[in-house]
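Enquirer: Counted the way my numbering counts, the sequence shown spans residues 7 to 109.
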Amino acid sequence: MRRHDAAADPCAAAEIAIERALAVLENAPSPSVDQLSDLADAIDSLKEGAFAVAADLAAVAQASRTLPTARRPQSLARSLPDLKAAFGATRKFLRATRAKPPA
(Lines of atoms letter the chains of each structure in order from A and count residues from 1; the text may use other names and numbers.)
(Lines give C-alpha, C1' and ligand atoms only; values in the text may rest on other atoms or scores of the structure.)
Protein backbone atom coordinates (compact mmCIF):
# COMPACT_ATOMS: atom_id res chain seq x y z
CA MET A 1 0.00 0.00 0.00
CA ARG A 2 1.32 3.42 -0.90
CA ARG A 3 1.85 5.97 1.84
CA HIS A 4 -0.72 8.43 0.40
CA ASP A 5 -3.32 5.63 0.35
CA ALA A 6 -2.67 5.02 4.06
CA ALA A 7 -3.04 8.72 4.83
CA ALA A 8 -6.45 8.74 3.16
CA ASP A 9 -7.51 5.57 4.99
CA PRO A 10 -7.15 5.80 8.79
CA CYS A 11 -7.64 2.05 9.16
CA ALA A 12 -4.77 1.34 6.77
CA ALA A 13 -2.58 3.87 8.59
CA ALA A 14 -3.31 2.14 11.90
CA GLU A 15 -2.52 -1.27 10.39
CA ILE A 16 0.81 0.02 9.08
CA ALA A 17 1.67 1.51 12.47
CA ILE A 18 0.87 -1.79 14.20
CA GLU A 19 2.91 -3.75 11.64
CA ARG A 20 5.84 -1.42 12.30
CA ALA A 21 5.51 -1.85 16.07
CA LEU A 22 5.33 -5.63 15.70
CA ALA A 23 8.52 -5.60 13.62
CA VAL A 24 10.33 -3.37 16.14
CA LEU A 25 9.31 -5.53 19.09
CA GLU A 26 10.16 -8.77 17.29
CA ASN A 27 13.68 -7.46 16.76
CA ALA A 28 14.04 -6.05 20.27
CA PRO A 29 16.19 -8.05 22.73
CA SER A 30 13.31 -8.21 25.21
CA PRO A 31 10.21 -6.06 24.82
CA SER A 32 8.97 -4.60 28.09
CA VAL A 33 5.61 -5.38 29.62
CA ASP A 34 4.63 -1.76 28.92
CA GLN A 35 5.51 -2.08 25.24
CA LEU A 36 3.50 -5.28 24.90
CA SER A 37 0.58 -3.67 26.76
CA ASP A 38 0.63 -0.65 24.46
CA LEU A 39 0.68 -2.93 21.42
CA ALA A 40 -2.22 -4.98 22.81
CA ASP A 41 -4.17 -1.78 23.40
CA ALA A 42 -3.37 -0.65 19.84
CA ILE A 43 -4.79 -3.89 18.43
CA ASP A 44 -7.88 -3.57 20.64
CA SER A 45 -8.36 0.02 19.45
CA LEU A 46 -8.07 -1.14 15.84
CA LYS A 47 -10.81 -3.73 16.50
CA GLU A 48 -13.03 -1.03 17.98
CA GLY A 49 -12.54 1.31 15.02
CA ALA A 50 -10.49 3.87 16.97
CA PHE A 51 -7.89 4.05 14.22
CA ALA A 52 -6.07 7.22 15.34
CA VAL A 53 -5.77 5.84 18.87
CA ALA A 54 -4.48 2.54 17.48
CA ALA A 55 -1.82 4.32 15.43
CA ASP A 56 -0.74 6.45 18.40
CA LEU A 57 -0.51 3.46 20.75
CA ALA A 58 1.47 1.48 18.16
CA ALA A 59 3.94 4.36 17.88
CA VAL A 60 4.29 4.54 21.67
CA ALA A 61 4.82 0.76 21.86
CA GLN A 62 8.02 1.09 19.85
CA ALA A 63 9.80 3.07 22.57
CA SER A 64 10.59 2.12 26.13
CA ARG A 65 9.51 4.58 28.78
CA THR A 66 10.87 5.61 32.13
CA LEU A 67 7.79 7.56 33.21
CA PRO A 68 5.14 5.82 35.29
CA THR A 69 2.22 4.89 33.05
CA ALA A 70 -0.95 2.88 33.16
CA ARG A 71 -0.51 -0.80 32.52
CA ARG A 72 -2.89 -3.60 31.69
CA PRO A 73 -3.65 -5.94 34.56
CA GLN A 74 -1.43 -9.02 34.47
CA SER A 75 -4.50 -11.16 33.73
CA LEU A 76 -4.82 -9.34 30.39
CA ALA A 77 -1.14 -9.56 29.45
CA ARG A 78 -0.37 -11.25 26.13
CA SER A 79 2.83 -12.44 24.52
CA LEU A 80 4.22 -11.05 21.27
CA PRO A 81 3.16 -14.18 19.28
CA ASP A 82 -0.36 -13.85 20.76
CA LEU A 83 -0.45 -10.18 19.75
CA LYS A 84 0.75 -11.00 16.24
CA ALA A 85 -2.02 -13.59 15.87
CA ALA A 86 -4.63 -11.18 17.26
CA PHE A 87 -3.53 -8.50 14.80
CA GLY A 88 -3.74 -10.96 11.91
CA ALA A 89 -7.25 -11.99 12.90
CA THR A 90 -8.35 -8.38 13.35
CA ARG A 91 -6.90 -7.34 10.00
CA LYS A 92 -8.61 -10.27 8.27
CA PHE A 93 -11.94 -9.37 9.88
CA LEU A 94 -11.66 -5.67 8.99
CA ARG A 95 -10.81 -6.43 5.37
CA ALA A 96 -13.72 -8.85 5.09
CA THR A 97 -16.20 -6.34 6.51
CA ARG A 98 -15.01 -3.14 4.77
CA ALA A 99 -17.56 -1.66 2.44
CA LYS A 100 -16.56 -2.00 -1.17
CA PRO A 101 -16.58 1.28 -3.15
CA PRO A 102 -19.26 1.44 -5.86
CA ALA A 103 -18.01 0.48 -9.29
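All C-beta atoms in this analysis are idealised placements derived from N, C-alpha and C, irrespective of residue type, glycine included.
(1) If you compare alpha carbons, which of D15, A69, A56, K98 is closest to R26?
(2) Could you tell me the boundaries of the alpha helix (DSSP H) in which R26 lies?
(3) Going by the CB atoms, is the gap between A46 and R84 shorter than 7 Å?
(4) Under the assumption that K90 contacts L28 (Cβ atoms under 8 Å), give the Cβ distance between them as a whole number of angstroms.
(5) Can you tell me the Cβ-Cβ gap for A60 and A48, rounded? I've got them flagged as a contact below 8 Å.
Expert: Let's see:
(1) Looking up residue 26 in the sequence shown gives position 20. Nearest C-alpha to R26: A69.
(2) The sequence position of residue 26 within the sequence shown is 20, counting from 1. In this chain, the alpha helix (DSSP H) harbouring R26 covers 16 to 33.
(3) On the sequence shown, position 78 is the one that residue 84 refers to. On the sequence shown, position 40 is the one that residue 46 refers to. In contact: R84 and A46 (Cβ atoms closer than 7 Å).
(4) Looking up residue 90 in the sequence shown gives position 84. Looking up residue 28 in the sequence shown gives position 22. Between K90 and L28, the beta carbon gap of about 6 Å places them in contact (Cβ cut-off 8 Å).
(5) Counted from its first residue, the sequence shown places residue 60 at position 54. Counted from its first residue, the sequence shown places residue 48 at position 42. About 5 Å separates the two Cβ atoms, so the contact holds.
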